[in-house]
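Numbering (the working numbering), first residue to last: 30 to 458.
Glycine residues also receive a C-beta, built at the ideal position from the N, C-alpha and C atoms.
Just below is one structure, and these are the notes that go with it.
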């Protein structure tokens, strides 16, 4: 049970002590008598008492106090503890102050100074009785509300129970009807489902066989591509000994280096595919000057042409005159990998003619888009095989007697990198 508190506030210590003494004599055995010399001090003390589960039943406050008048204090108190009964004690209160206390602070009584002890005690006693009555009424009202709520809840539950049983009967009847229809439908559709399942199994079988074929082809191709440089490296390494001339050794070393580079590129491509597939390939964005970027690629491709002995091929870089100083925000290394991969394919599969590459600016609906292109006069790819070249580890000609080396993952990597950079890959062959 909460402990009751009678709280007195007055800025005159003599008055405060007198109030406390008289109230203690009258109510000290049943109530705690607390005091404060200002409204601010009283509010802080009352907050602490409320936190400690005390009931502030009656407050007697002087009106004429510094900093915070009695009516201001009682209004703030009323917000914190609206059930507390407030008594204003003063001989200097204005009509406005009293009205303010009545309208906004639930003022219970007004006692003039100097007060008579019997009047004070009687007023507080009646206030305490009123507080207790109000509390009892609240408790009774709460109990009645809870009882009413409980009865309503029980009625609702019972009504719901009856409705549920009725609905259950209807559902059972409907369920029987539905089951009969479903059985009929099941009988009608069973043959269709069997046919569909048979087709699915046949498709899955064909797909599994195709997957096994592609795996076998990949393993054969990979084995061939790995053995070729490894055989060169191992075989020529054995020759670099004994009576080999310096000229022969230099030639062997060049071939070993070339084979090692080929082997390293193959392994790097495999790691690149694995990193993209597992989401470990990170995008590093920065400003890229397109003119500088494409010129570096141009220099690199000229070296690649010389390496393949195809310096006779024309190689033209095309940049729109209005965009010679264009700067884009992208991953430079990934964009370089994409363009160089396509250019190397163009050089590798072209025996004559000219390779044109560069970019265009397309404007649609107030939005600009950069389109990179590579155009060549190479061998081309039949339309029926154009989707095939984007599958990993796949070439149009996967036989060992083909004229061009590789395991068929270059365009796969390029397409995946385009997607990683939120671009669109459009192939025309």
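- For residue 329, the enclosing alpha helix (DSSP H) starts and ends at 319 to 337.
- Taken through DSSP and simplified to helix, strand or coil, residue 378 comes out as coil.
- Sequence-distant Cβ neighbours of residue 401 in its own chain, meaning closer than 7 Å and more than five residues away, are 368, 388.
- 8 Å or more divides the Cβ of residue 380 from the Cβ of residue 314.
- Rounded to whole angstroms, residue 258 and residue 282 show a C-alpha spacing of 13 Å.
- Only exposed fits residue 309, as fewer than 16 other CB atoms lie within 10 angstroms of its CB.
- In the DSSP annotation of this structure, residue 109 is not part of any beta strand (DSSP E); the continuous alpha helix (DSSP H) holding it starts and ends at 99 to 109.
- Residue 359 is bridged by DSSP to 315.
- The three-state reading of DSSP puts residue 40 in coil, since its state is none of H, G, I, E or B.
- Listed in chain order, the alpha helix (DSSP H) elements of length 4 or more contained wholly in the segment 45 to 79 amount to none.
- Take residue 320, set aside five residues on each side of it, and the residues of its chain with a beta-carbon closer than 8 Å to its own are 348, 353, 354, 355, in chain order.
- Closest in alpha carbon position to residue 391, among 154, 52, 299, 351, is 351.
- Non-local beta-carbon contacts of residue 378 in its own chain, meaning distances under 6 Å to residues more than five positions away in sequence, involve 407, 408 in chain order.
- A distance below 8 Å between beta-carbons, with the five flanking residues on each side excluded, links residue 304 to the following residues of its chain, in chain order: 310.
- The residue among 88, 52, 125 with its C-alpha nearest the C-alpha of residue 110 is 88.
- Between the C-alpha atoms of residue 306 and residue 450 there is a straight-line separation of about 14 Å.
- Residue nearest to residue 362 within the set 339, 374, 312 is 312 (criterion: CA-CA distance).
- In its chain, beyond the 5 residues on either side, 114, 137 have a beta carbon closer than 8 Å to the beta carbon of residue 159.
- Under the DSSP assignment, residue 116 falls in the beta strand (DSSP E) whose first and last residues are 114 to 118.
- Per DSSP, residue 96 lies in no beta strand (DSSP E) and is assigned neither H nor E.
- Taking the Cα positions, residue 398 is about 48 Å away from residue 227.
- Per DSSP, residue 396 lies in no alpha helix (DSSP H) segment; the continuous beta strand (DSSP E) that holds it begins and ends at 396 to 404.
- Following the DSSP letters along the chain, one finds residue 448 inside the alpha helix (DSSP H) bounded by residues 439 to 449.
- For residue 386, the enclosing beta strand (DSSP E) stretches over residues 383 to 393.
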